[in-house]
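The block underneath contains the structure these notes are about, expressed in structure tokens.
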Amino acid sequence: FFDIDWHPLNRVLEGRVIQPVLGSPYGQSLEKQELRLTLEEEGFFVHYYDHKFPLDPKTYGLLLTHRLETLTRELGEGNPAVLSFLGLINLVEHLPPRSLSSKRKLLERHRQKEILKNNLWLLYQGNPLIKKFLDENIAIFNGRAGDPESFDLLDRLLGLQPYRLAYWPVALDLINYRRFFSVNDLIGVRVEDPRVFEASHSLLFNLIREGKISGVRIDHIDGLYDPLGYLQRLQSHLAPNEKAPANRENLYVVVEKILAADEPLPPDWPIAGTTGYDFLNRVNGLFIDAQGFQAVQQVYNRFVKPDLARSELIYQKKKLVIETLFRGELETLGYILSLLAEQDRQARDVPRKELQKIIGEVIACLPVYRTYIRSFEVSPWDLDCLEQVIAAVRTQHPSLDPTALDFVRRVLLLDFPPNLSEEHREDWLRFVMRWQQFTVPIMAKGLEDTALYVYNPLVSLNEVGTDFLMVAPEDFHQFNQRRQENWPSTLNATATHDTKRSEDVRMRINVLSEDPQKWEACLQRWSAWNQPKKRWVNGMAVPDANEEYFLYQTLIGAWPLLEEEIPEFKERLQAYTIKAAREAKVHTRWIAPNHEHENALTAFTEAILHESNHNEFLNDFQKIQARLAYYGALNSLSQVLLKIASPGVPDFYQGTELWDFSLVDPDNRRPVDFHKRAQLLNDVKRKESKGPGPLIHDLL
39 FFDIDWHPLN RVLEGRVIQP VLGSPYGQSL EKQELRLTLE EEGFFVHYYD HKFPLDPKTY
99 GLLLTHRLET LTRELGEGNP AVLSFLGLIN LVEHLPPRSL SSKRKLLERH RQKEILKNNL
159 WLLYQGNPLI KKFLDENIAI FNGRAGDPES FDLLDRLLGL QPYRLAYWPV ALDLINYRRF
219 FSVNDLIGVR VEDPRVFEAS HSLLFNLIRE GKISGVRIDH IDGLYDPLGY LQRLQSHLAP
279 NEKAPANREN LYVVVEKILA ADEPLPPDWP IAGTTGYDFL NRVNGLFIDA QGFQAVQQVY
339 NRFVKPDLAR SELIYQKKKL VIETLFRGEL ETLGYILSLL AEQDRQARDV PRKELQKIIG
399 EVIACLPVYR TYIRSFEVSP WDLDCLEQVI AAVRTQHPSL DPTALDFVRR VLLLDFPPNL
459 SEEHREDWLR FVMRWQQFTV PIMAKGLEDT ALYVYNPLVS LNEVGTDFLM VAPEDFHQFN
519 QRRQENWPST LNATATHDTK RSEDVRMRIN VLSEDPQKWE ACLQRWSAWN QPKKRWVNGM
579 AVPDANEEYF LYQTLIGAWP LLEEEIPEFK ERLQAYTIKA AREAKVHTRW IAPNHEHENA
639 LTAFTEAILH ESNHNEFLND FQKIQARLAY YGALNSLSQV LLKIASPGVP DFYQGTELWD
699 FSLVDPDNRR PVDFHKRAQL LNDVKRKESK GPGPLIHDLL
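Shown next, in the form of structure tokens:
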């Protein structure tokens with residue numbers, strides 16, 4: 039059901055799944071009594087704070103037989119309770135192992151283990167002496183603080199389980215299941231398996247048949263093993279008859295597909311379109327002055343003095359997240375690739391580490407989230423994309439083994455040697471499809487969740503699916519014309535639960551591109567005034583120039599309309615500042631927080647926003663921000679009009695019916711006052727009933 043590698047590179051995990059949930063090394067957690075054994079109606083469990091892990095019933099014998107002679111001596115071998123208890127032990131001994139592959143035998147195992155757990159609980163609840171015996175055993179297994187040897191029994195018991203409890207950082211090297219990005223608590227589901235598809239979609243299909251759902255939004259479509267196969271199965275499941283074509287759209291489906299600037303949405307997908315990030319970035323680019331943006335970039339370069347160009351920064355950040363978040367997955371891919379190399383006379387002597395390094399370089403250079411190879415026939419678009427990437431890797435890294443690079447190219451393009459068997463060709467294809475799944479989180483974490491917090495000339499461009507587009511009106515018209523021809527029912531989004539900033543925040547910041555000289559003057563003035571408010575951490579003033587530049591743009595975009603909202607905004611800003619710094623991964627990170635740096639950041643924001651007649655920055659900022667907010671409001675209204683009038687279905691994210699100055703999640707997922715919005719809508723309807731004239735006059 040779940041996407042677990044039961045035969046991983048690290049043979050210690052053979053037949054087991056890593057569970058990286060511990061906040062300290064396993065031995066410390068064990069001997070600090072953070073792992074606690076319990077018996078409940080559903081069986082034996084090990085608890086770790088909010089986590090609860092069931093014990094394999096096949097391993098109950100270690101608990102049940104411990105001190106068994108004590109039980110028989112106290113109650114007598116012929117005691118009915120003892121006989122029942124011995125019957126439980128016999129059930130455990132004859133319970134089929136968990137490694138069975140036969141469905142019939144697995145069902146029999148399930149039946150027997152449920153009988154075992156039910157009888158165990160009845161005996162435990164019904165006989166005080168048995169309950170006392172088991173409670174004492176549980177206490178013995180749970181160990182005694184300060185006595186390391188007393189935890190040997192629990193350690194041995196845990197070693198028999200189909201999972202290994204581990205300190206969370208070991209996931210970097212030992213992870214043997216597919217995660218949702220880098221979230222250890224979210225495991226991937228093998229939806230490509232028809233049985234898993236049916237089980238995981240039964241509720242959805244029931245709701246659709248009952249007429250309660252008329253369309254679905256597929257999140258993270260690129261994370262699937264076979265996106266087209268999934269979409270075809272989804273549509274065919276709802277077909278009016280078995281003869282309906284697989285590509286028929288029987289259900290309104292939009293997919294969260296993040297497209298590069300020149301990347302087409304796969305034309306064979308049976309969908310209505312995307313969730314709208316392509317529209318979002320085009321309409322946003324329409325409100326940025328192209329020449330002004332060039333000047334803004336120069337302002338940024340003078341103020342921040344960045345070390346890397348944008349393209350190089352993205353490449354480096356993708357490499358960073360591979361090394362710090364996905365090293366184990368890359369090693370697994372390298373190992374599988376080395377097995378494929380063993381079948382190739384030209385590549386069998388290439389070291390595994392060299393193949394692993396090249397695969398990492400190809401991923402770091404890939405300009406899109408993924409390719410879509412699913413058969414031995416590679417599409418022209420995928421072929422061209424991968425050829426360009428391989429050429430880029432070859433140019434940038436001439437020291438790489440050319441034989442290894444050629445082999446990687448042949449595998450990714452399914453350029454089979456003539457004598458390769460059908461079975462081995464299938465192995466190549468499986469590798470490519472697995473590799474395609476892996477490129478997605480690298481792009482998402484490297485670009486969206488890292489580089490977009492570091493490269494900050496105009497942060498309104500730092501959005502999901504961005505390609506830093508400046509869009510001329512004629513280009514926008516052509517974009518809409520193509521959508522009308524190909525995807526007339528796609529979504530037009532300007533905000534989602536995943537956008538980095540709300541639509542109104544972006545529109546305010548865009549105004550900076552229209553007057554870069556004044557923006558630079560503000561930067562110089564504000565930075566000079568606020569320099570004394572910086573703290574020094576490890577020989578560096580905090581915030582650094584890039585963080586300071588980022589903060590001023592954030593203030594311009596998100597400053598509240600009402601004065602009474604400012605105290606809450608300051609609290610939101612503090613949380614956002616820390617999140618942005620951790621996402622940037624320059625001075626602090628989620629996996630290794632630098633609290634001294636973070637405290638200096640929040641102290642700076644608090645100091646520059648302290649209300650005082652002597653705070654030159656705040657007084658000046660509010661005047662400048664008010665002017666920018668006025669033009670930003672005009673931008674926002676124009677954007678809404680374009681969203682409604684352009685081809686596609688206008689999408690309004692919760693809360694954006696009114697002005698919304700939210701930042702990235704969790705800020706944009708705060709509760710929405712729907713009652714207020716309902717009242718305002720009713721007021722509009724009431725005025726409209728009296729005729730359009732008064733309503734139009736009131737709105738304007």
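Numbering (the numbering used here), first residue to last: 39 to 738. C-beta: ideal position from N, C-alpha, C; glycine also.
Residue i by DSSP, collapsed to three states: which one?
{"i": "G577", "result": "coil"}
{"i": "Y315", "result": "helix"}
{"i": "N165", "result": "coil"}
{"i": "A299", "result": "coil"}
{"i": "P92", "result": "strand"}
{"i": "N175", "result": "helix"}
{"i": "L737", "result": "helix"}
{"i": "V221", "result": "strand"}
{"i": "P58", "result": "strand"}
{"i": "D264", "result": "coil"}
{"i": "I259", "result": "helix"}
{"i": "V509", "result": "coil"}
{"i": "R194", "result": "helix"}
{"i": "L458", "result": "coil"}
{"i": "V478", "result": "helix"}
{"i": "V208", "result": "helix"}
Cutting at 6 angstroms between CB atoms, please list the residues of its own chain near residue i, excluding the five before and the five after it.
{"i": "W597", "result": "Q663"}
{"i": "R348", "result": "Y493"}
{"i": "S220", "result": "L363"}
{"i": "D257", "result": "E294"}
In or out: residue i buried (at least 16 other Cβ within 10 Å) or exposed?
{"i": "H137", "result": "Checking the displayed sequence, the identity of residue 137 turns out to be Ser instead of His. Exposed."}
{"i": "A385", "result": "buried"}
{"i": "A237", "result": "exposed"}
{"i": "N657", "result": "exposed"}
{"i": "T537", "result": "buried"}
{"i": "R340", "result": "exposed"}
{"i": "N518", "result": "buried"}
{"i": "V120", "result": "buried"}
{"i": "L198", "result": "exposed"}
{"i": "P207", "result": "exposed"}
{"i": "V722", "result": "exposed"}
{"i": "I309", "result": "buried"}
{"i": "Q163", "result": "exposed"}
Taking only the alpha-carbon atoms, compute the straight-line gap between residue i and residue j and give it to the nearest angstrom.
{"i": "V702", "j": "V431", "result": "34 angstroms"}
{"i": "P200", "j": "R54", "result": "4 angstroms"}
{"i": "I396", "j": "E380", "result": "17 angstroms"}
{"i": "L272", "j": "Q555", "result": "53 angstroms"}
{"i": "V427", "j": "Q394", "result": "16 angstroms"}
{"i": "T108", "j": "K170", "result": "12 angstroms"}
{"i": "R732", "j": "T504", "result": "At residue 732 the sequence reads Pro, which differs from the Arg that was named. Going from the Cα of P732 to the Cα of T504 covers about 41 angstroms."}
{"i": "G181", "j": "V59", "result": "21 angstroms"}
{"i": "R228", "j": "F39", "result": "6 angstroms"}
{"i": "P436", "j": "E187", "result": "55 angstroms"}
{"i": "F712", "j": "V687", "result": "22 angstroms"}
{"i": "N457", "j": "R468", "result": "19 angstroms"}
{"i": "G261", "j": "I225", "result": "12 angstroms"}
{"i": "S727", "j": "I734", "result": "12 angstroms"}
{"i": "K617", "j": "V291", "result": "33 angstroms"}
{"i": "L438", "j": "F83", "result": "50 angstroms"}
Within the same chain, show all residues whose beta-carbon is closer than 7 angstroms to that of residue i, passing over the 5 residues directly before and after it, in chain order.
{"i": "N157", "result": "L126"}
{"i": "Q692", "result": "V710"}
{"i": "G65", "result": "none"}
{"i": "L424", "result": "T409, L450, L451"}
{"i": "P232", "result": "none"}
{"i": "L113", "result": "A119, V120, L167"}
Have a look at the DSSP bridge pairing and note the partners of residue i.
{"i": "H85", "result": "R74, K90"}
{"i": "P688", "result": "N530"}
{"i": "Y201", "result": "V55"}
{"i": "Y215", "result": "I42"}
{"i": "R182", "result": "D185"}
{"i": "V291", "result": "V254"}
{"i": "R539", "result": "L701"}
Under 8 angstroms Cβ to Cβ from residue i, same chain only, skipping five residues before and after it: list those, please.
{"i": "D705", "result": "R610, A613, Y614"}
{"i": "G99", "result": "I127, V130, E131"}
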